[in-house]
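Below is one structure, written out as C-alpha cells; comments come after it.
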Amino acid sequence: MASFSVVLCVLGLVIVGHVAYAQDSQQDYLDAHDAARSEVGVPNLSWDDTVAAYAQNYANQRKGDCQLIHSGGQYGENLAWGSGDLSGTDAVKLWVDEKQYYDYDSNSCASGQVCGHYTQVVWRNSLRLGCAKVTCDNNAGTFIICSYDPAGNVVGLVIVGHVAYAQDSQQDYLDAHNAARSEVGVPNLSWDDTVAAYAQNYANQRKGDCQLVHSDGQYGENIAGGSGDFSGTVAVKLWVDEKQYYDYDSNSCASGQVCGHYTQVIWRDSIRLGCAKVTCNNNAGTFIICSYDPAGNIIGQKPY
C-alpha cells in the first residue's frame, strides 16, 4: 500500500493564513470518492461506522507525531498530511489527481510516478469507507486517513510501490517554474549556484526531522515534503496548482485557500532560483526546498 503526503509552507505576502474548512463531513468524503468512481463506472462507496471508528482510532494514535506510517490493519488505507487545516476533500483530490499517471491497459503507474492512492479510491471491490482527521499536537498540521473495506490495491493487481523519480535536475526545476511564469508574461528564472548551495545546506539541516520549518534567511522560499521519493517537479506542480485560488485584482487568495507558493513561483522580481532535495532519515520521506533571489511575496505588492 502506498502512502503519500503533500505538505507545503510559504513565506510572507498575500493571504496565506489557514482557516477552517467545511469539507470534512461523511458526505464530503463520500462525494469526493464517488465522483472519481463514477467516472470509471464503479459503484458508489457507503459510509461504515466501524471502518470510520478504526480510522479515527488510528488518527488519534498518530496525533502526537503525525508521521505518515500505515496502521498495518485489515483495511485498505490512504494517508495525507498537510500544514494548516488540510481538508478531507482536498486530501481526496490529491489522491484522485494521480489518475493521470495510471495506465489501465498495463495496470501500472507512469514511470517515476505514484498512482496507488487513486487506484484505491476507485477500487471496485472496496465498498465501505471510513475517514478521520486530527489536528497534530502543537498545531503541527493535519493528519487524514481514509480506510476502505475490503482493501483494494491487492498485490499483483496494481503497482503501488514508490520508485525513483528522474525529475530533480536543475533544468527540471527551471522548466517547471518557467512554464508557469511564461503563462503570465514573467521572464524566466535562471539557476544560481549560490542560491542552490543555500537551499542544499538548509535541506541537509532538515534531514533529521524533515519538519516544514522555514530557514528565515535572505531568500524567498517554498517548502514541500512527501512520503516516498517525491520529485521536485511534482512539488513545483503543487505550488503552481494554487493559481486557481489567486485573484490578481484583489491580490489575495480565495477564502479558505492558500496561494502564496504560486505567487512566489511567478514573482517578477525574483530572477534567480536554487532548489534542493533530501531523503529524510530512516526513509521517512522527502524534503524539498526552492529558494528565490530576490525574495518575492512582499506585503502590499503584486507578483507582476
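The sequence shown maps to residues -22 to -1, 1 to 282 in mature numbering (1 follows the signal peptide of the UniProt record, and there is no 0). Glycine included, C-beta positions come from ideal geometry on N, C-alpha and C.
1) At what residue ranges does the stretch 49 to 107 contain a whole run of the alpha helix (DSSP H), taking only runs of 4 or more?
2) Per DSSP, Leu251 is paired with what?
3) What residues in its chain sit with their C-beta under 6 angstroms from that of Tyr223, if we drop five residues either side in the sequence?
4) Who are the Cβ neighbours of Thr257 in its own chain at under 7 angstroms, not counting the five residues just before and after it?
5) Residue 292 and Leu107: beta carbons closer than 8 angstroms?
6) Let me know if Ile267 comes out buried or exposed under the rule of 16 or more other beta-carbons within 10 Å of its beta-carbon.
7) Would you call Tyr42 buried or exposed, if buried means 16 or more other Cβ atoms sit within 10 Å of its Cβ?
8) How about Val112 and Ala37: are their beta carbons less than 8 angstroms apart?
9) Take Val136 and list the residues in its own chain whose beta-carbon comes closer than 7 angstroms to its own, dropping the five residues that flank it on each side.
10) Note the first and the last residue of the continuous beta strand (DSSP E) segment covering Ala262.
11) Check whether the Cβ atoms of Val100 and Val29 sit closer than 8 angstroms, and answer yes or no.
12) Does DSSP put Ala202 in a helix, in a strand, or in coil?
13) Buried or exposed: which applies to Thr241, given that a residue is buried once 16 or more other Cβ atoms fall within 10 Å of its Cβ?
14) For the alpha helix (DSSP H) holding Asp27, just list the boundary residues, first then last.
15) Put Tyr226 into one of helix, strand or coil per three-state DSSP.
16) Residues in the same chain with beta-carbon distance under 6 angstroms from Gln279, minus the five sequence neighbours each way, listed in chain order, please.
17) Give me whichever residues DSSP pairs with residue 284 in a beta bridge.
18) Would you grab the beta carbon distance between Tyr282 and Val162 for me? Rounded to a whole angstrom, and I think it's under 8 angstroms.
19) How long is the line joining the alpha carbons of Leu46 and Arg159, rounded to whole angstroms?
20) What are the boundary residues of the alpha helix (DSSP H) that includes Gln279?
21) Using C-beta distances below 8 angstroms, list every residue in its chain close to Ser16, excluding the 5 sequence neighbours before and after it, in chain order.
22) Can you name the start and end residues of the alpha helix (DSSP H) that Gly238 belongs to?
23) Which residue's Cα is closest to the Cα of Ser24: Val18, Cys87, Ser125?
24) Ordered along the chain, which non-local residues of its own chain (more than five positions away) have a Cβ less than 7 angstroms from that of Pro272?
25) Please work out which residues of its chain come closer than 6 angstroms, Cβ to Cβ, to Gln4, disregarding the five sequence neighbours upstream and downstream, and give them in chain order.
26) Here's a check: name, in chain order, each residue in its chain whose Cβ is nearer than 8 angstroms to the Cβ of Ala181, leaving out the five neighbours to either side.
27) According to DSSP, is Ser147 part of a helix, a strand, or is it coil?
28) By DSSP, does Ser160 sit in helix, in strand, or in coil?
29) Does the distance from the CB of Gly186 to the CB of Asn103 come in under 8 angstroms?
30) Specify, as a first and last residue, the run of the alpha helix (DSSP H) that Leu216 falls within.
Result, derived from the coordinates:
1) 66 to 74, 94 to 99
2) Here residue 251 corresponds to residue number 273 of the sequence shown, with the count starting at 1. Answer by DSSP bridge pairing, in chain order: Trp169, Tyr270.
3) Reading the sequence shown from its first residue, position 245 is the one you call residue 223. Within the same chain, Tyr223 has close Cβ partners Cys231, Ala232, Gln235, Cys237.
4) Sequence index remark: in the sequence shown, residue 257 carries index 279 (1-based). Cβ neighbours of Thr257 beyond the five flanking positions: Thr264.
5) The chain is shown only over -22 to 282; residue 292 falls outside these bounds and no answer can be derived.
6) On the sequence shown, residue 267 is found 289 positions in, with the first residue counted as 1. The residue in question, Ile267, is buried, as its Cβ has 16 or more Cβ neighbours within 10 Å.
7) Here residue 42 refers to the residue found at position 64 of the sequence shown. This sequence places Gly at residue 42; Tyr is not what is there. Per the 10 Å Cβ criterion, exposed.
8) Here residue 112 is taken as the residue at index 134 of the sequence shown, counted from 1. Here residue 37 is taken as the residue at index 59 of the sequence shown, counted from 1. Result yes, Cβ atoms of Val112 and Ala37 sit closer than 8 angstroms.
9) One-based indexing of the sequence shown puts residue 136 at position 158. The predicted position of Val136 is uncertain, since its pLDDT is 31 and thus under 50; a value taken from the coordinates is nonetheless stated next. Correct list, in chain order: Asn85, Gly94, Thr97.
10) As a first step, residue 262 is located in the sequence shown; it is residue number 284 there, counting from the start. Element bounds for Ala262: n/a, residue is neither H nor E.
11) Working through the sequence shown from its first residue, we reach residue 100 at position 122. Working through the sequence shown from its first residue, we reach residue 29 at position 51. Not closer than 8 angstroms, so no.
12) Numbered from 1 along the sequence shown, position 224 holds the residue referred to as residue 202. It is a strand residue.
13) For the purposes of this step, residue 241 is taken as residue 263 along the sequence shown, with counting starting at 1. Answer is buried; the Cβ neighbour count reaches 16.
14) Taking the first residue of the sequence shown as position 1, residue 27 is located at position 49. Segment 27 to 40, the alpha helix (DSSP H) holding Asp27.
15) As a position in the sequence shown, residue 226 is number 248, starting the count at 1. DSSP places Tyr226 in coil when its eight states are reduced to three.
16) Residue numbering aside, residue 279 sits at position 301 when the sequence shown is read from its first letter. None.
17) The structure shown does not extend to residue 284, since the chain spans only -22 to 282, so no value can be given for it.
18) For the purposes of this step, residue 282 is taken as the residue at position 304 of the sequence shown. For the purposes of this step, residue 162 is taken as the residue at position 184 of the sequence shown. That pair is a contact at about 6 angstroms.
19) By one-based count along the sequence shown, residue 46 stands at place 68. By one-based count along the sequence shown, residue 159 stands at place 181. Approximately 33 angstroms, taken between the alpha carbons.
20) In the sequence shown, residue 279 corresponds to position 301, counting from 1. Gln279 -> no alpha helix (DSSP H), and no H or E assigned at all.
21) Taking the sequence shown and counting its residues from 1, one reaches residue 16 at position 38. If we look at Ser16 and ignore the five residues flanking it on each side, its Cβ neighbours are Asn22.
22) Position 260 of the sequence shown, counting from 1, holds the residue named residue 238. Run containing Gly238: 238 to 243, per the alpha helix (DSSP H) assignment.
23) What you label residue 24 is simply residue 46 of the sequence shown in a count that begins at 1. Among Val18, Cys87, Ser125, the Cα nearest to that of Ser24 belongs to Ser125.
24) By 1-based counting over the sequence shown, the position of residue 272 is 294. Closer than 7 angstroms at the Cβ level, and outside the excluded window around Pro272, lie Asp247, Ser248.
25) In the sequence shown, residue 4 corresponds to position 26, counting from 1. These residues qualify, in order along the chain: Trp25.
26) The count along the sequence shown starts at 1 and reaches residue 181 at position 203. If we look at Ala181 and ignore the five residues flanking it on each side, its Cβ neighbours are Ala254, Lys255, Val256, Phe265, Ile266, Ile267.
27) Here residue 147 refers to the residue found at position 169 of the sequence shown. It is coil, neither helix nor strand.
28) As a working mapping, residue 160 is identified with position 182 in the sequence shown. Correct three-state label for Ser160: helix.
29) In the sequence shown, counting from the first residue as 1, residue 186 sits at position 208. In the sequence shown, counting from the first residue as 1, residue 103 sits at position 125. No, Cβ-Cβ distance for Gly186 and Asn103 is not below 8 angstroms.
30) Here residue 216 refers to the residue found at position 238 when the sequence shown is read from its first residue. Start and end: 210 to 218.
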